[in-house]
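One structure below.
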Amino acid sequence: MIPAPSPWALLALWLSIPLTQIWLHLSCATPPALGGLILEAILFAWLGLVLPRLDRWPTLSHPVWIALVPLGSLALEATPRSLAGLPYLAGLWLGGIVPIRALLGRIRLPWWAYLPVIPLLVIGAHIVRSLGSDRSNEEAVIDRLSRDLRGPLVWASPLPRPAAGDQRPPVVVISVDTLRAEDARQMETWARLSARGAWWRSAQSTSSWTLPATASLLTGLPSSGHGAGCLDTGSCQGLADEVQTLPVALSHEGYPTVGIVTNPWIGRRNGFERGFHRFLDLGTDRPVELLLTGSALLGPHPQDAEVGVGLALDALRSLGPGPFLLWLHLIDPHLPYLHADDPALRSLTAETLRNANLVSAERRDQIRSAYRGEIAYTDHQLLRLLDALEARGFFERGYLVFTSDHGEEFWEHGGIEHGHTHHPEVVEVPLVVVGPDVEAGARPGTASLVDVVTTLAAALRLPLETAGLDLRQPIPPDRIARLEGNLIHRAVCSAVDAELRVIVSDCGAPYAQTSAYDRRLDPGALRPQDRPDHPVWRAAQAIEAPSPRGQTWQARDALRALGYVD
């Protein structure tokens, strides 16, 4: 008969499973709730105390069979994709545990010899489960695992400390995904910031979707300058290697830099982590599921504004009184509407809406209301951040930018969501700039996302080459803002000044359909005109379609993660 370890040794082996999980989850943006971790530990402790006392199942008193728990948990919750990972775990089992079991009659191993094997199986189960998630890809899982195995030290590692008495201004950039300009102006966040800083009734994105627009926000360059976007071939590319960003420039100047993003388009895969001492990519994270309690006691979703703002507050507490850069990008107003009362709206995707033959007027109102509910939720969370900034005296000398990457269509032109058109509901964005030398109040002229870094670079005297204007100065009345590319129907481009908006259906094509809209008489862009002699018309037609630049990749994983495709 094979000798069994002592009851206390067995209990230690059983508890190695929840302790391994707790270690894995300490560095996650959304670890399970404390109650979930406690319940997981209690359940494994109960197994460790009860099963060895069941005389009818003597084999359960041997540590070899404890390692079956991760395998069984994975098999019970396996998806078709994750089932492919079972041979991986079976290989660990056959290659490591079974030979040991066969030799037990000849070699007596101490109970602690099993400790390395059991945690390895726990880690393997989480890897396979992550690979089976529809919201993840292999690169994201590897990146996530590399952080998790190093525990909390990654996010809690010390930031560079500027010299004592460094009076250079701190910088905060807040971007809210999919936030329409008109809806932003109903937020308390907007009211508080616009009372302190300059804001523009006419502020334009540089594209109709996240990747190129946010790249412009961080570089001060249009899509043709920074290279980030998708091509007609279906492949996408991130920031060009030679392009310098605001965080890169500030980190070279000794600024501690922290980035917290919630959209998978603007994560490490596309180069947005460059220059950040701490960069948390919540868009590729996923809720943690424990082996026994599963997702019953999860905290908020990783992309929830509560998580993003909470991490921003943690970062502020670790930053000293000197200069720093904090960028926070929240995604709650983007489909699906996770805080809606209606479960159908919490799982609603753009693909579902585009494939629907008819969406009733009542359902459209419900969708619009859910969108506004997400904005209200985001507003509530952002006020926590503003309060913290106020408490530390940030506004006495700091610069803060509040904006969006793009807006959202709700059937104004027969479509839904964004990434498919350059009409005003999609490409007009809110923009507030607060700073010690920025006069508060509404400003005339047409601003652009490329102006954000240009303004900050001028204020901080950074050697950045940009294509924008310094918004501390008046915008010239003849300024033309240019926008490039879509996610869907990618070759669309447009140009805008104070008077006219011109949209070209196929950038650079000699016979592309071109439509002009009078912004004063037709602000919703519903009545197209021909204005071939106008400078904005000529500027729009001169924009070239995006071209390959560096390494490209297929976008399907990111599209699926945001609900663009099934």
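According to the working numbering, the sequence shown is numbered sequentially starting from -6.
Positions of the beta carbon are idealized from the N, C-alpha and C atoms, including for glycine.
Quick caveat, the model's predicted, so the values are computed rather than measured.
Does the Cβ of residue i have 16 or more other Cβ atoms within 10 Å, making it buried, or fewer, making it exposed?
i: Arg310; result: exposed
i: Ile259; result: buried
i: Asp566; result: Absent from the structure is residue 566, since the part of the chain shown begins at -6 and ends at 559.
i: His294; result: buried
i: Trp202; result: buried
i: Asp297; result: buried
i: Leu338; result: buried
i: Ala418; result: The sequence given here has Glu at residue 418, not Ala. Flag for Glu418 reads buried.
i: Gln179; result: exposed
i: Gly125; result: Below a pLDDT of 50, predicted positions are generally treated as unreliable, and Gly125, at 49, falls in that range; no measurement from the model is reported.
i: Ala440; result: buried
i: Pro525; result: exposed
i: Arg513; result: exposed
i: Ile10; result: buried
i: Pro257; result: buried
i: Leu263; result: Just to set this straight, residue 263 is Asn in the shown sequence, not Leu. Classification of Asn263: buried, given that the 10 Å Cβ count is 16 or more.
i: His245; result: exposed
i: Glu383; result: exposed
i: Trp39; result: exposed
i: Ala452; result: buried
Do residue j and residue i have their beta-carbon atoms positioned less than 8 Å apart in this structure?
i: Trp7; j: Phe37; result: yes
i: Ser340; j: Pro329; result: yes
i: Gly391; j: Val166; result: no
i: Ala491; j: Ser198; result: no
i: Val566; j: Phe395; result: Any answer about residue 566 is impossible in this case: the structure gives the chain only from -6 up to 559.
i: Ala488; j: Val427; result: no
i: Gln237; j: Val115; result: no
i: Glu421; j: Ala343; result: no
i: His406; j: Ile496; result: no
Which residue wins for smallest C-alpha separation from residue i, given the options the options?
i: Leu379; options: Gly303, Gly407 and Arg475; result: Gly303
i: Leu480; options: Arg520, Pro429 and Ala538; result: Ala538
i: Arg377; options: Asp307, Leu243, Leu457 and His18; result: Asp307
i: Asp515; options: Ser498, Arg494 and Arg531; result: Arg494
i: Gln534; options: Ala484, Gly517, Ala518 and Ser540; result: Ala484
i: Leu204; options: Leu453, Gly276, Ile10 and Ala174; result: Gly276
i: Arg385; options: Asp334, Leu321, Pro316 and His332; result: Pro316
i: Ala305; options: Ala509, Asn256, Thr250 and Phe265; result: Thr250
i: Ala5; options: Leu17, Arg173, Ile35 and Phe395; result: Ile35
i: Ser397; options: His373, His322 and Thr345; result: His322
i: Gly247; options: Arg173, Ala233 and His270; result: His270
i: Ala532; options: Leu273, Ala509, Arg520 and Ser362; result: Ala509
i: Leu42; options: Glu421, Asp511, Ile59 and Gln359; result: Ile59
i: Pro151; options: Gln374, Ser540 and Leu312; result: Leu312
i: Gly640; options: Pro155, Pro215, Pro240 and Ala242; result: Past the boundaries of the shown model lies residue 640; the chain is included only from -6 to 559, so the question cannot be answered.
i: Glu181; options: Arg154, Gln14, His373 and His219; result: His373
i: Leu224; options: Thr448, Gln14, Leu464 and Gly412; result: Gly412
i: Tyr364; options: Glu33, Ile111, Leu172 and Asp274; result: Leu172
i: Phe272; options: Ile253, Val236, Ser200 and Glu367; result: Ile253
i: Leu351; options: Ser(-1), Glu299, Leu32 and Gly408; result: Gly408
i: Trp183; options: Ala343, Ala369, Arg520 and Ala460; result: Ala369
i: Ala336; options: Ser200, Glu235, Leu3 and Gln359; result: Ala is not the amino acid found at residue 336; the sequence shown has Pro there. If we check each option's Cα against that of Pro336, Gln359 comes out closest.
i: Asp334; options: Trp320, Arg347, Ser362 and Leu319; result: Ser362
i: Gly268; options: Asp274, Leu243 and Arg520; result: Leu243
i: Thr448; options: Gly28, Ser498, Leu393 and Ala518; result: Leu393
i: His482; options: Phe265, Gly222 and Gly517; result: Gly222
Helix, strand or coil: which one does DSSP assign to residue i?
i: Ala474; result: strand
i: Tyr392; result: strand
i: Leu449; result: helix
i: Asp461; result: It should be pointed out that residue 461 corresponds to Gly in this sequence rather than to Asp. Of the three classes helix, strand and coil, the one that applies to Gly461 here is coil, per DSSP.
i: Val300; result: helix
i: Arg189; result: coil
i: Gly377; result: Inspection of the sequence shows that residue 377 is occupied by Arg rather than by Gly. Helix.
i: Glu42; result: The question names Glu, but residue 42 is Leu in the sequence shown. Leu42: helix per DSSP, three-state reduction.
i: Asp170; result: coil
i: Leu243; result: helix
i: Pro0; result: helix
i: Asp511; result: strand
i: Asp490; result: coil
i: Tyr81; result: Note that Tyr81 scores a pLDDT of 48, beneath 50, so its modelled location is shaky; the value from the coordinates is reported in the next line. Helix at Tyr81.
i: Leu6; result: helix
i: Ile324; result: coil
Kindly say whether residue i, judged by its beta-carbon, lies nearer than 8 Å to any beta-carbon of chain B.
i: Cys229; result: This model lacks chain B altogether; it includes just one protein chain.
At least three beta-carbon pairs within less than 8 Å, the segment 210 to 219 to the segment 399 to 408: no
Contact the segment 466 to 476 vs the segment 497 to 515: 3+ CB pairs below 8 Å: no
Cβ pair count under 8 Å reaching 3, the segment 150 to 161 against the segment 401 to 420: These segments do not touch.
Meets three-Cβ-pair contact criterion under 8 Å: the segment 226 to 238 and the segment 432 to 445: no
Cβ contact (3+ pairs, closer than 8 Å) linking the segment 472 to 479 and the segment 436 to 456: yes
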